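Read the structure below first, then the notes.
Number of protein chains: 2
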Amino acid sequence: MILRLALVGFGNVGQQFARLLMAKRDWLLRKKGLDVEVLAIATRSRGSLLSKRALDLERVLSAIGSGSLPAYGSDSTALSPIGIIEKCDADIMIELSTLNIDSGQPAIDHLRTAMRAGMDVITANKGPIAWAYEELRDIARSKGVHLRFEGTVMDGTPIFNLVERTLPGCEILGLTGILNSTSNLILGEMSRGKSMEMAVQEAQARGIAEADPSLDVDGWDASAKITALANVLMDAGMNPKMVDRLGIRGISLEEIREASAEGKKIKLVARAFREGSSIKLQVRPERVGPDSPMWAVDGTSSSLTMSTDLMGDITVVESSPALTQTAYAVFSDMLLTVEAIRHGTI
Amino acid sequence: MILRLALVGFGNVGQQFARLLMAKRDWLLRKKGLDVEVLAIATRSRGSLLSKRALDLERVLSAIGSGSLPAYGSDSTALSPIGIIEKCDADIMIELSTLNIDSGQPAIDHLRTAMRAGMDVITANKGPIAWAYEELRDIARSKGVHLRFEGTVMDGTPIFNLVERTLPGCEILGLTGILNSTSNLILGEMSRGKSMEMAVQEAQARGIAEADPSLDVDGWDASAKITALANVLMDAGMNPKMVDRLGIRGISLEEIREASAEGKKIKLVARAFREGSSIKLQVRPERVGPDSPMWAVDGTSSSLTMSTDLMGDITVVESSPALTQTAYAVFSDMLLTVEAIRHGTI
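Those protein sequences? They're chains Z and S, same order as listed.
Sequential numbering from 1 applies to the first sequence in the working numbering.
Sequential numbering from 1001 applies to the second sequence in the working numbering.
Here's what the structure looks like:
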């Protein structure tokens, strides 16, 4: 089976995904009978490619490495991402553009357009799931296409797929987690005596924090993730602005020392829980002791505890991920989509 | 769809599973279109029932509560478990008999017999997976039936199903876990100053430890579990006698105090890892510090860290399970088996 992909967004995750496709090419052919072709790659500021035949990923990576996709030498297009989605012959559109925390756009439009054109879709961009999950799920159902999004929270660590595929009949009653690795790293560095400014700079130097760290330190990234989780797993129907949100920006070295003197660490904790008939979402710094499953979740690690009706509390921890882990999320969603296509299931 | 079950073994887990079937009867009918009937229940010392029609589970539970299944009033049989498996009209045989650590028998024969008769099978008994996984998997493949065993390790916490269904293309390179909740509980009580004898008695009083605690305190249960994990997830082809095994029997209060003075806890840790071209299995007490994901795994909780090629380390923690959690393992395996039957997949 030939599987044709369109990638919208081609930053670190997209490039790692392309590398993973190359590294797993033989495995995909031999074990899964899958010949994966990338027909289109759209970016907003570094050019786009659109082809009827498989792009040569090695040349694509060298082109983007040199600064822009048109350096590929052919198949360059001036079409917008939406135009490319409409024109391409892909089976699956993979949304990897940058998070827009205020609206989830234009990623939501990318997904809408692709699904209305009959494509299956995968997103590693949490915006659409945090802002428009119900609508997107309904479009997927009405068009009979697949919508997968494992990479939106904790990279490729199975969370959404775990609940959907291994916990049948279990109801999720609440969620608690450390979901933003940048703040977790910064708090850890501060506990070793560094100022927040230094810790942020170090995270930036390591390529972990963005140039503008406010998404992380003000709790927006964690808010988008807990919203996405609650929308999918608890039918919350909420958006990131509805989160009771306090980031780590106001945390002083003094407070961290105080917590430490109590034998505790300060962690940025995201929670979703029921209160009466409504669902509350909360992101805020908390003091965590050694008996908490969050205690050992240090550095860039993250964790999620799911409280369930039939299985009590299940915690999943992702340890010190690399960029390949988000690429793997897309890779596993691609394989699960193919499996569903083959079984004729949604 | 009517789904007919035969239960072999009807101790705590079997009875909890029967209760779960009753509690979820409406949900199964409404959401899954499943009318689940139990046609046979076999025990070795408390009688057996075999019927052409659905047994009344409420009456079955009250019969076993009064001491033996023949108190049900009808459908009593003197057939052996194997005879019952051969005679019953079940779609799925569920193996819930007691672990025999020396051979995995007679549970292996129960599974062989059922699969050869064309039944799908589910086991919560780890013996067969620790002793004869390859053979059983091959029988399942050659007969085109399903073999599921989520409940053999960490109750219903997704481990086998997680790897199979949510980590496609990921290779498991190693496993580390706290798999025996009884020893974990005993070590915890000892760290609060109790003698091992007192801690064992307390675990027995709570219904957690067996009358003969040697399976737990000598590391056999953890050995069977790490073997089952390695057989399925790393193609180890080993058995519990091949584990480099040291239990907690020799641990003194003095050692626990020493560890505590170092800021550590003693935990019974099970490991599977590659050494050259072979796989090593190990169970032994280790000193664990607060930075380990195992530190906070206290009481009857358990944990497993899976080291993978594409996703780094993923840890799953089950917190303080009740008996319902093992029953849920069987319940989820039943639903996944039905899904596979409906999709025509193995």
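Note that the Cβ used here is the ideal one computed from N, Cα and C, for glycine as well.
Everything numeric in this text was worked out from a predicted model, so none of it was measured.
Chain Z within 9 Å of residue i, Cβ atoms only
i, result
"Gln1325 of chain S", "yes"
"Leu1187 of chain S", "no"
"Met1234 of chain S", "no"
"Glu1339 of chain S", "yes"
"Gly1344 of chain S", "yes"
"Arg1206 of chain S", "no"
"Thr1176 of chain S", "no"
"Ala1322 of chain S", "yes"
"Gly1169 of chain S", "yes"
"Arg1019 of chain S", "no"
"Met1311 of chain S", "yes"
"Asp1091 of chain S", "no"
Min CB distance residue i to chain S below 9 Å
i, result
"Ala270 of chain Z", "no"
"Glu275 of chain Z", "no"
"Trp27 of chain Z", "yes"
"Leu229 of chain Z", "no"
"Glu262 of chain Z", "no"
"Tyr72 of chain Z", "no"
"Lys24 of chain Z", "yes"
"Pro213 of chain Z", "no"
"Ser66 of chain Z", "no"
"Glu318 of chain Z", "yes"
"Phe331 of chain Z", "yes"
Residue i CB to nearest heavy atom of the ligand COA below 8 Å
i, result
"Lys1241 of chain S", "Among the components modelled here there is no ligand, and therefore nothing to report on the ligand COA."
Buried or exposed by the 16-neighbour rule on C-beta atoms within 10 Å, applied to residue i
i, result
"Ile2 of chain Z", "exposed"
"Leu5 of chain Z", "buried"
"Glu95 of chain Z", "buried"
"Lys225 of chain Z", "buried"
"Asn12 of chain Z", "exposed"
"Asp235 of chain Z", "exposed"
"Ser195 of chain Z", "exposed"
"Ser27 of chain Z", "A small correction: the amino acid at residue 27 of chain Z is Trp; Ser does not occupy that position in the sequence shown. So Trp27 of chain Z ends up on the exposed side."
"Ser223 of chain Z", "buried"
"Thr98 of chain Z", "exposed"
"Glu1134 of chain S", "exposed"
"Ser48 of chain Z", "buried"
"Ala1078 of chain S", "exposed"
"Leu215 of chain Z", "buried"
"Ala1205 of chain S", "exposed"
"Glu150 of chain Z", "buried"
Reference residue i; option with closest CA among the options
i, options, result
"Ser142 of chain Z", "Z:Pro213, Z:Arg165, Z:Ala117", "Z:Ala117"
"Ile122 of chain Z", "Z:Lys24, Z:Glu134, Z:Gln105, Z:Ala140", "Z:Ala140"
"Asp298 of chain Z", "Z:Ser62, Z:Thr113, Z:Gly188, Z:Trp27", "Z:Gly188"
"Ile1314 of chain S", "Z:Ile314, Z:Gly312, Z:Ser319, Z:Asp313", "Z:Ser319"
"Phe1331 of chain S", "S:Met1093, S:Gly1237, S:Arg1112, S:Arg1342", "S:Met1093"
"Arg249 of chain Z", "Z:Val217, Z:Ser278, Z:Ile279", "Z:Val217"
"Gly1312 of chain S", "Z:Ser278, Z:Val283, Z:Gly312, Z:Met154", "Z:Met154"
"Ile1172 of chain S", "S:Ile1279, S:Ala1340, S:Ile1041, S:Glu1255", "S:Ile1279"
"Pro285 of chain Z", "Z:Ser66, Z:Arg342, Z:Lys241, Z:Gly219", "Z:Gly219"
Proximity of residue i and residue j at Cβ, strictly below 9 Å
i, j, result
"Pro213 of chain Z", "Val200 of chain Z", "yes"
"Leu167 of chain Z", "Pro1158 of chain S", "yes"
"Leu1304 of chain S", "Thr1152 of chain S", "no"
"Arg274 of chain Z", "Gly174 of chain Z", "yes"
"Leu181 of chain Z", "Ser301 of chain Z", "Looking at the sequence itself, residue 181 of chain Z is Ser, so the reference to Leu does not match. A contact, by the Cβ cut-off of 9 Å."
"Leu39 of chain Z", "Lys31 of chain Z", "no"
"Asp1221 of chain S", "Ile1101 of chain S", "yes"
"Thr326 of chain Z", "Gly207 of chain Z", "no"
"Met1190 of chain S", "Leu1136 of chain S", "no"
"Thr113 of chain Z", "Ile85 of chain Z", "yes"
"Ala1018 of chain S", "Leu1057 of chain S", "yes"
Contacts that residue i makes with chain A (C-beta to C-beta distance below 8 Å)
i, result
"Val1036 of chain S", "The structure shown contains no chain A; the protein chains it does contain are Z and S."
Whole-number beta carbon distance between residue j and residue i, since they are thought to touch under 8 Å
i, j, result
"Lys1267 of chain S", "Gly1289 of chain S", "That belief does not hold up - the Cβ atoms of Lys1267 of chain S and Gly1289 of chain S are roughly 11 Å apart, past 8 Å."
"Val316 of chain Z", "Leu162 of chain Z", "7 Å"
"Leu229 of chain Z", "Ala272 of chain Z", "6 Å"
"Met1294 of chain S", "Val1269 of chain S", "7 Å"
"Asp1109 of chain S", "His1146 of chain S", "Not quite, the Cβ-Cβ distance comes to about 19 Å (not below 8 Å), so this is no contact."
"Leu1281 of chain S", "Met1334 of chain S", "The pair is not a contact, with the Cβ atoms about 30 Å apart (cut-off 8 Å)."
"Asp1075 of chain S", "Leu1055 of chain S", "7 Å"
"Leu7 of chain Z", "Gly14 of chain Z", "5 Å"
"Gly104 of chain Z", "Pro128 of chain Z", "5 Å"
"Thr337 of chain Z", "Gln16 of chain Z", "The Cβ separation is near 19 Å, so there is no contact."
"Leu1046 of chain S", "Leu1069 of chain S", "Sequence inspection shows Arg at residue 1046 of chain S; the Leu mentioned does not correspond to that position. Right, the Cβ-Cβ distance comes to about 6 Å (below 8 Å), so this counts as a contact."
"Thr1227 of chain S", "Ala1329 of chain S", "Wrong, their Cβ atoms sit about 18 Å apart, outside the cutoff."
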